[in-house]
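Peer 1: Here's a structure for you.
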Amino acid sequence: MADYILRHQELIENPTARVPICLVLDASASMTDTRGHGGPRPIDALNDGVRGFFDAIRADEIALYAADVAIVSFAGKPRVEFEFGSVEREPPLIAIHDYGGTSLGTGVEKGIELLTFRKNQYKETGVDYYQPWLVIMTDGEPTDESHKRVAPEVCRLIGEKRLTIFPIGVGEGARLSTLKEFSPRRDPLRLQGLHFGEFFEWLSKSVATTSRSTPGEPTAKLDAEGIKGWAEL
Amino acid sequence: MPLDLADFSGRHKIIVDTSSLMADDAEPFFKDALHPALKQAGSKIVVPLGVVREVEKHLTKGDARKKAAARQAERILAHLKNDGVAEIFGDTDDPFTDQTILYVVQKYRTKCDFLVVTQDSGLAESLVNIKDSAAVQSQKDLTIVRVDKNGIEHWRAPTGTVSVVPAKQRDRSPASTAAKPGLHPFALKAAPVTGRSVPQPISTVPQENDQVTTRTGHSYALGTAIAQGGEGTIYGLGGNRVGKIYHAGALTNRTLAKLDRMLSRPVDIAGVCWPQEMLFNQQGEPIGYLMRRAAGVPLDRSVFKKPLLIKHFPHWRRTDLVDVALSVTRVVQALHAINVILGDINPLNILVTEAKQVTFVDLDSAQIEEFPCPVGMINFTRAKNHGRDYGSYLRCFDDDKFALACLIFMILMPGKPPFSHAGGGDPGENIRSRSFPYRLYDPNERGKSSVPDGAWRFIWSHFSRQIKESFCRCFKDDQLLEASDWIAVLTRYRDSIAKGFMDQEQGNDIFPTRFRRLSDEEREKFRIAKPEETVDLTCSACGKIYEMKLSKLEERQHLNLPTDACPDCRKAFSLLKQDRLARGAVVRPTRSRGPAQQYSPNTVPPKRGRIIRWAVVALLLLVVLGRCMH
Numbered sequence: 000m001a002d003y004i005l006r007h008q009e010l011i012e013n014p015t016a017r018v019p020i021c022l023v024l025d026a027s028a029s030m031t032d033t034r035g036h037g038g039p040r041p042i043d044a045l046n047d048g049v050r051g052f053f054d055a056i057r058a059d060e061i062a063l064y065a066a067d068v069a070i071v072s073f074a075g076k077p078r079v080e081f082e083f084g085s086v087e088r089e090p091p092l093i094a095i096h097d098y099g100g101t102s103l104g105t106g107v108e109k110g111i112e113l114l115t116f117r118k119n120q121y122k123e124t125g126v127d128y129y130q131p132w133l134v135i136m137t138d139g140e141p142t143d144e145s146h147k148r149v150a151p152e153v154c155r156l157i158g159e160k161r162l163t164i165f166p167i168g169v170g171e172g173a174r175l176s177t178l179k180e181f182s183p184r185r186d187p188l189r190l191q192g193l194h195f196g197e198f199f200e201w202l203s204k205s206v207a208t209t210s211r212s213t214p215g216e217p218t219a220k221l222d223a224e225g226i227k228g229w230a231e232l
Numbered sequence: 000m001p002l003d004l005a006d007f008s009g010r011h012k013i014i015v016d017t018s019s020l021m022a023d024d025a026e027p028f029f030k031d032a033l034h035p036a037l038k039q040a041g042s043k044i045v046v047p048l049g050v051v052r053e054v055e056k057h058l059t060k061g062d063a064r065k066k067a068a069a070r071q072a073e074r075i076l077a078h079l080k081n082d083g084v085a086e087i088f089g090d091t092d093d094p095f096t097d098q099t100i101l102y103v104v105q106k107y108r109t110k111c112d113f114l115v116v117t118q119d120s121g122l123a124e125s126l127v128n129i130k131d132s133a134a135v136q137s138q139k140d141l142t143i144v145r146v147d148k149n150g151i152e153h154w155r156a157p158t159g160t161v162s163v164v165p166a167k168q169r170d171r172s173p174a175s176t177a178a179k180p181g182l183h184p185f186a187l188k189a190a191p192v193t194g195r196s197v198p199q200p201i202s203t204v205p206q207e208n209d210q211v212t213t214r215t216g217h218s219y220a221l222g223t224a225i226a227q228g229g230e231g232t233i234y235g236l237g238g239n240r241v242g243k244i245y246h247a248g249a250l251t252n253r254t255l256a257k258l259d260r261m262l263s264r265p266v267d268i269a270g271v272c273w274p275q276e277m278l279f280n281q282q283g284e285p286i287g288y289l290m291r292r293a294a295g296v297p298l299d300r301s302v303f304k305k306p307l308l309i310k311h312f313p314h315w316r317r318t319d320l321v322d323v324a325l326s327v328t329r330v331v332q333a334l335h336a337i338n339v340i341l342g343d344i345n346p347l348n349i350l351v352t353e354a355k356q357v358t359f360v361d362l363d364s365a366q367i368e369e370f371p372c373p374v375g376m377i378n379f380t381r382a383k384n385h386g387r388d389y390g391s392y393l394r395c396f397d398d399d400k401f402a403l404a405c406l407i408f409m410i411l412m413p414g415k416p417p418f419s420h421a422g423g424g425d426p427g428e429n430i431r432s433r434s435f436p437y438r439l440y441d442p443n444e445r446g447k448s449s450v451p452d453g454a455w456r457f458i459w460s461h462f463s464r465q466i467k468e469s470f471c472r473c474f475k476d477d478q479l480l481e482a483s484d485w486i487a488v489l490t491r492y493r494d495s496i497a498k499g500f501m502d503q504e505q506g507n508d509i510f511p512t513r514f515r516r517l518s519d520e521e522r523e524k525f526r527i528a529k530p531e532e533t534v535d536l537t538c539s540a541c542g543k544i545y546e547m548k549l550s551k552l553e554e555r556q557h558l559n560l561p562t563d564a565c566p567d568c569r570k571a572f573s574l575l576k577q578d579r580l581a582r583g584a585v586v587r588p589t590r591s592r593g594p595a596q597q598y599s600p601n602t603v604p605p606k607r608g609r610i611i612r613w614a615v616v617a618l619l620l621l622v623v624l625g626r627c628m629h
């Protein structure tokens with residue numbers, strides 16, 4: 000409860016327009032599979048990437064006060080790893096879930112739920128915000144049909160310009176066609192190897208651009224040059 | 000050099016606007032210079048009836064300063080009218096003097112020569128646009144001037160003439176930011192530059208330690224990189240000089256032409272990093288420019304973020320914030336005086352030091368003559384320009400005045416944008432819906448307030464009446480104040496705080512923790528009833544002291560509502576409850592009145608469980624009652 004009150008204080012005392020970002024991350028058993036390469040486990044690379052994301056945002060005061068981050072992990076069920084708030088708090092260490100399965104839909108649903116309530120909090124307390132970003136990362140195929148139920152709602156929000164989505168497939172096994180169901184406008188991207196760090200660095204830079212001078216109204220734009228650093232194009 | 004009245008007093012129709020009659024140095028000009036000139040030429044000045052009405056209005060309604068200026072205007076008018084050298088025209092239906100003057104000039108532009116005397120930059124600009132518009136090829140003259148202590152001078156310098164910088168300096172502070180006398184103002188243009196903007200071919204972009212040279216052959220070695228932006232990198236050049244070197248492909252023919260234009264005037268304004276000399280690479284290609292080094296931290300990385308404000312300027316009080324706002328306003332005033340419209344006024348481009356010196360950087364984005372300012376920030380852009388490409392149009396003084404008002408607001412309310420309100424959200428949408436949430440009186444007084452949560456309502460309540468009125472005029476009525484008006488208002492506010500006329504305890508606090516309290520004398524003076532008695536309570540959740548009206552406390556106690564949390568924390572709990580309810584759990588704060596209560600999220604059974612519990616309580620009550628009856 001004390002943590003909640005602190006987060007609420009931070010919410011109303013910081014006058015900066017926020018960029019709410021919800022990360023929905025796959026933490027199913029397959030994220031431990033090194034696929035015979037002998038390299039790091041994907042879940043470890045992901046955790047390093049998240050830590051790097053927090054560090055990159057903290058390194059830029061403009062991004063630090065604008066970023067409002069939540070993290071959901073999912074396997075068979077979703078789990079809230081990090082409630083919305085400043086990244087001055089320590090990043091969570093995401094562990095592989097005990098429940099089996101990869102319920103992509105319920106994970107995304109939880110993310111949308113957190114975003115909806117955060118937006119309600121902004122409105123109730125008079126905090127300015129930009130439309131939220133939703134990052135989805137998964138390395139396999141869903142084991143249920145929940146995405147069929149959730150995807151239309153996500154597409155509707157995107158269509159109304161109330162959400163920007165970054166769907167990312169991790170590794171060769173990731174089924175991009177399922178991710179595509181969530182993203183009517185842009186095609187999902189496949190992460191190069193385990194270049195989580197490059198992706199999150201790119202994301203943190205994008206946060207700061209919302210509070211910089213631009214030639215027109217600020218929008219979350221995909222910086223094509225920057226994407227080359229982490230995605231297979 | 001002031002203009003010679005003899006050039007105008009014969010042929011020209013001379014129209015005079017309210018602002019000039021009320022200007023500081025106006026009386027000697029109208030009485031001692033213009034009057035004899037008109038007499039000699041046998042002509043008259045034209046005064047729109049609207050001007051007379053405006054002067055009358057200020058005589059009764061304005062503040063002391065406005066009233067004094069209006070009395071001066073009244074004296075001038077009476078003086079000229081009595082001697083038959085002033086003529087009033089128009090009818091009572093003219094609502095806006097500006098519109099009347101513009102209409103008359105537009106209509107008779109091809110038939111008569113006009114001399115318009117005004118201090119209003121917006122009107123002057125509209126007139127310049129009429130003059131520049133290609134549609135009307137007029138042989139007749141249209142000259143737009145303003146009054147200053149030496150006489151009258153051009154709002155726009157026509158080619159070939161030399162005029163002085165308008166020294167409209169009501170404010171003569173020691174750290175004067177006024178431009179050098181003798182400086183040629185830039186022209187105001189009606190349309191932006193056309194033609195394609197193409198990147199300049201550059202063989203090599205110099206890096207650290209590389210040599211760069213100026214046009215006069217002076218050579219510098221690039222020092223360490225100080226800052227990197229979207230367009231280029233800033234390097235130290237030794238001393239207090241720095242160089243901006245553009246990234247490959249970022250320097251276009253248009254930027255180069257604009258820089259040439261900027262370099263044609265030695266603008267030397269304290270607090271402005273104006274480009275001073277072009278810099279060339281070893282191949283002799285232009286690759287950037289030299290300017291003064293700026294000291295300080297950008298407003299957005301200091302004043303606008305509470306933790307950073309405390310970190311960088313731990314000893315600052317509210318008067319220091321007002322000083323920063325004043326310095327910023329003086330720079331804008333000095334630039335406007337030479338017709339430089341900043342365009343991208345934003346808190347990342349303004350650096351501030353502990354000693355409250357401000358410096359505007361990134362001047363190469365400013366609008367100079369026909370070269371638009373190609374970038375901007377939505378927070379500082381008027382609604383009518385939203386959705387437009389910043390580089391596609393020329394901005395007007397009013398656009399800057401809006402941005403200046405926003406900036407002053409955000410300096411005094413550290414970082415909070417003026418249109419930020421409960422129920423809002425998107426910064427652009429907040430401006431478009433024109434929902435300025437603050438009110439002239441106590442925001443708790445009438446109706447539901449949409450003032451954001453946190454200290455903002457307290458800060459607002461501690462503003463002087465004049466500061467509140469000025470913000471309401473800008474953000475509610477769209478009547479944008481000139482920089483000189485802001486200087487007067489801010490100076491007065493600063494004096495009131497410094498002399499202790501504001502709240503005795505918290506008037507000089509940057510973040511007051513309660514509403515302003517009026518002294519007994521003030522209440523008597525303004526005939527305000529004594530406020531209800533309040534009690535100071537400590538919030539059991541966040542530990543802050545908050546005040547509550549005694550009657551409200553009693554009411555809440557009577558209704559068995561919690562009284563141990565401050566309004567912000569109560570809001571936090573209610574939001575959490577909404578959240579948990581929707582997530583399938585229920586939160587119920589404990590409802591006791593002891594001093595050390597804590598709210599805790601109790602997961603209580605769903606509805607059915609609660610009904611059973613109430614039933615048990617009711618049954619027990621019945622049993623107890625039954626026993627009592629026996």
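Which chain is which? The protein sequence lines are A and B, in order.
Heads up: the first sequence at position 8 corresponds to 7 in numbering that gives the first Met the number 0, and the numbers run straight through without jumps.
Heads up: the second sequence at position 457 corresponds to 456 in numbering that gives the first Met the number 0, and the numbers run straight through without jumps.
In this text, a Cβ means the ideal position worked out from N, Cα and C, and glycines have one as well.
Remember, it's a predicted structure, so these values are computed and weren't measured experimentally.
Report the rounded CA-to-CA distance for B:Phe28 versus B:Gln39, giving the unit in angstroms.
Peer 2: For this step, residue 28 of chain B is matched to residue 29 along the second sequence. For this step, residue 39 of chain B is matched to residue 40 along the second sequence. Cα-Cα distance, rounded: 16 Å.
Peer 1: A:His96 CB to nearest chain B CB: under 8 Å?
Peer 2: Within the first sequence, the letter at position 97 stands for residue 96 of chain A. So no, A:His96 is outside the interface.
Peer 1: Assuming contact is defined by CB atoms lying nearer than 8 Å, are B:Arg317 and B:Ile486 in contact in what I supplied?
Peer 2: Taking the first residue of the second sequence as 1, we reach residue 317 of chain B at position 318. Taking the first residue of the second sequence as 1, we reach residue 486 of chain B at position 487. No; because the gap between Cβ atoms is not below 8 Å, this pair is not in contact.
Peer 1: So what does B:Gln227 bridge to, in DSSP terms?
Peer 2: Reading the second sequence from its first residue, position 228 is the one you call residue 227 of chain B. Paired residue(s): B:Thr232.
Peer 1: For a contact meaning CB atoms closer than 8 Å, what does A:Arg211 contact in chain B?
Peer 2: To locate residue 211 of chain A, count along the first sequence from 1; it is residue 212. Gly229, Leu347, Met376, listed in chain order.
Peer 1: When DSSP builds the beta bridges, which residues end up paired with B:Ser218?
Peer 2: By one-based count along the second sequence, residue 218 of chain B stands at place 219. According to DSSP, B:Ser218 bridges with B:Thr212.
Peer 1: Would you say B:Lys475 faces chain A, with C-beta separation under 8 Å as the test?
Peer 2: Here residue 475 of chain B is taken as the residue at index 476 of the second sequence, counted from 1. Chain A contact via Cβ: absent.
Peer 1: Are there 16 or more other CB atoms within 10 angstroms of the CB of B:Gln332, so buried, or fewer, so exposed?
Peer 2: To locate residue 332 of chain B, count along the second sequence from 1; it is residue 333. Answer is buried; the Cβ neighbour count reaches 16.
Peer 1: Pull the bridge partners of B:Pro285 from the DSSP assignment, please.
Peer 2: Walking along the second sequence from the start, residue 285 of chain B turns up at place 286. Answer by DSSP bridge pairing, in chain order: B:Phe279.
Peer 1: Taking all protein chains shown into account, do 16 or more other C-beta atoms lie within 10 angstroms of the C-beta of B:Ser460, making it buried, or fewer, making it exposed?
Peer 2: Walking along the second sequence from the start, residue 460 of chain B turns up at place 461. So B:Ser460 ends up on the buried side.
Peer 1: If contacts are defined as beta-carbon pairs under 8 Å, then A:Val206 and A:Ala66 qualify, I think. What distance do you get, rounded to the angstrom?
Peer 2: One-based indexing of the first sequence puts residue 206 of chain A at position 207. One-based indexing of the first sequence puts residue 66 of chain A at position 67. A:Val206 to A:Ala66, Cβ: 5 Å. Contact.
Peer 1: Would you mind reading off the limits of the beta strand (DSSP E) that contains A:Trp229?
Peer 2: Indexing the first sequence from 1 puts residue 229 of chain A at position 230. From DSSP, A:Trp229 is part of no beta strand (DSSP E); its letter is neither H nor E.
Peer 1: Count the C-beta pairs between the segment 142-156 of chain A and the segment 92-112 of chain A that are closer than 8 Å, then say yes if the count reaches three, no if not.
Peer 2: Touching, yes.
Peer 1: Classify B:Ile544 as helix, strand or coil using the three-state DSSP reduction.
Peer 2: Numbered from 1 along the second sequence, position 545 holds the residue referred to as residue 544 of chain B. It is a strand residue.
Peer 1: Nearer than 7 Å: is that true of the beta carbon of A:Arg185 relative to any heavy atom of the ligand GTP?
Peer 2: Questions concerning the ligand GTP fall outside what the structure shown contains, since it holds no ligand whatsoever.
Peer 1: Is the separation between the beta-carbon of A:Arg189 and that of A:Gly172 shorter than 8 Å?
Peer 2: Here the question's residue 189 of chain A lines up with position 190 in the first sequence. Here the question's residue 172 of chain A lines up with position 173 in the first sequence. In this structure, A:Gly172 does not lie closer than 8 Å to A:Arg189 by Cβ.
Peer 1: Kindly list the residues whose CB is nearer than 8 Å to the CB of B:Ala354, restricted to its own chain and excluding five residues on each side of it in sequence; keep chain order.
Peer 2: As a first step, residue 354 of chain B is located in the second sequence; it is residue number 355 there, counting from the start. Nothing listed; no residue qualifies.
Peer 1: Could you name the residues of the same chain whose beta carbon sits closer than 6 Å to that of B:Glu546, not counting the 5 residues immediately before and after it, in chain order?
Peer 2: Translated into the one-based positions of the second sequence, residue 546 of chain B becomes position 547. So the list reads Arg513, Thr533, Asp535, once near-sequence residues are dropped.
Peer 1: Less than 8 Å between CB atoms is the rule here; does A:Ile61 satisfy it with respect to chain B?
Peer 2: Numbered from its first residue, the first sequence carries residue 61 of chain A at position 62. Taking Cβ atoms only, chain B reaches closer than 8 Å to A:Ile61, which makes this a yes.
Peer 1: Taking the beta strand (DSSP E) that A:Leu190 belongs to, which residues open and close that run?
Peer 2: What you label residue 190 of chain A is simply residue 191 of the first sequence in a count that begins at 1. A:Leu190 -> beta strand (DSSP E) spans 188-190.
Peer 1: From which residue to which residue does the alpha helix (DSSP H) around B:Cys473 run?
Peer 2: Here the question's residue 473 of chain B lines up with position 474 in the second sequence. Counting along the chain, the alpha helix (DSSP H) containing B:Cys473 begins and ends at 464-474.
Peer 1: Helix, strand or coil: which one does DSSP assign to B:Gln356?
Peer 2: One-based indexing of the second sequence puts residue 356 of chain B at position 357. Note: B:Gln356 maps to coil in three-state DSSP.
Peer 1: Does any residue of chain B bring its CB to less than 8 Å from the CB of A:Thr105?
Peer 2: Working through the first sequence from its first residue, we reach residue 105 of chain A at position 106. No, because no Cβ of chain B sits closer than 8 Å to the Cβ of A:Thr105.
Peer 1: Using a Cβ-Cβ cutoff of less than 7 Å, which residues in the same chain neighbour B:Ile527 once the five nearest sequence positions on both sides are dropped?
Peer 2: For the purposes of this step, residue 527 of chain B is taken as the residue at position 528 of the second sequence. Closer than 7 Å at the Cβ level, and outside the excluded window around B:Ile527, lie Leu517.
Peer 1: Taking the alpha carbon of B:Arg438 as the reference point, which residue from B:Pro451, B:Ile430, B:Asn429, B:Arg431 has its own alpha carbon closest?
Peer 2: Taking the second sequence and counting its residues from 1, one reaches residue 438 of chain B at position 439. It is B:Pro451 whose Cα lies nearest to the Cα of B:Arg438.
Peer 1: Taking 8 Å as the threshold (C-beta atoms), are A:Leu178 and A:Ile93 in contact?
Peer 2: By 1-based counting over the first sequence, the position of residue 93 of chain A is 94. By 1-based counting over the first sequence, the position of residue 178 of chain A is 179. No, these two residues do not count as a Cβ contact at 8 Å.
Peer 1: Of all the alpha helix (DSSP H) runs that stay within the bounds of the segment 352-411 of chain B, which reach a length of 4 or more residues?
Peer 2: Correct list: 396-411.
Peer 1: Taking the alpha-carbon of B:Arg569 as reference, which of B:Cys538, B:Ala189, B:Arg579, B:Pro371 has the nearest alpha-carbon?
Peer 2: Position 570 of the second sequence, counting from 1, holds the residue named residue 569 of chain B. Nearest option by C-alpha distance: B:Cys538.
Peer 1: If you drop the 5 nearest sequence neighbours on each side, which residues of the same chain put their C-beta closer than 6 Å to that of A:Ala1?
Peer 2: Position 2 of the first sequence, counted from the start, is the residue given in the question as residue 1 of chain A. Same-chain partners within the cutoff: there are none.
Peer 1: If we call anything under 8 Å between Cβ atoms a contact, is A:His7 one with B:Ala571?
Peer 2: On the first sequence, position 8 is the one that residue 7 of chain A refers to. On the second sequence, position 572 is the one that residue 571 of chain B refers to. Contact: yes.
Peer 1: Tell me where the alpha helix (DSSP H) around A:Lys109 begins and ends.
Peer 2: Counting from one through the first sequence, the residue named residue 109 of chain A turns up at place 110. Run containing A:Lys109: 103-124, per the alpha helix (DSSP H) assignment.
Peer 1: Starting from the beta carbon of B:Leu575, find every residue of chain A whose beta carbon is closer than 8 Å, and list them in chain order.
Peer 2: Within the second sequence, numbered from 1, the residue matching residue 575 of chain B stands at position 576. Going along chain A in sequence order, the residues near B:Leu575 (Cβ under 8 Å) are Tyr3.
Peer 1: Using DSSP's beta-bridge definition, name the partner residues of B:Ile527.
Peer 2: Counting from one through the second sequence, the residue named residue 527 of chain B turns up at place 528. None, per the DSSP bridge assignment.
Peer 1: Contact between the segment 337-345 of chain B and the segment 226-239 of chain B: three or more CB pairs below 8 Å?
Peer 2: No, the segment 337-345 of chain B is not in contact with the segment 226-239 of chain B.
Peer 1: Going by C-alpha to C-alpha distance, which of B:Ala67, B:Leu549, B:Ala540, B:Phe510 sits closest to B:Lys304?
Peer 2: Here residue 304 of chain B corresponds to residue number 305 of the second sequence, with the count starting at 1. That would be B:Phe510, whose Cα lies nearest to the Cα of B:Lys304.
Peer 1: Answer with buried or exposed for A:Glu87, where buried requires no fewer than 16 other C-beta atoms within 10 angstroms of its C-beta.
Peer 2: In the first sequence, residue 87 of chain A corresponds to position 88, counting from 1. Classification of A:Glu87: exposed, given that the 10 Å Cβ count is below 16.
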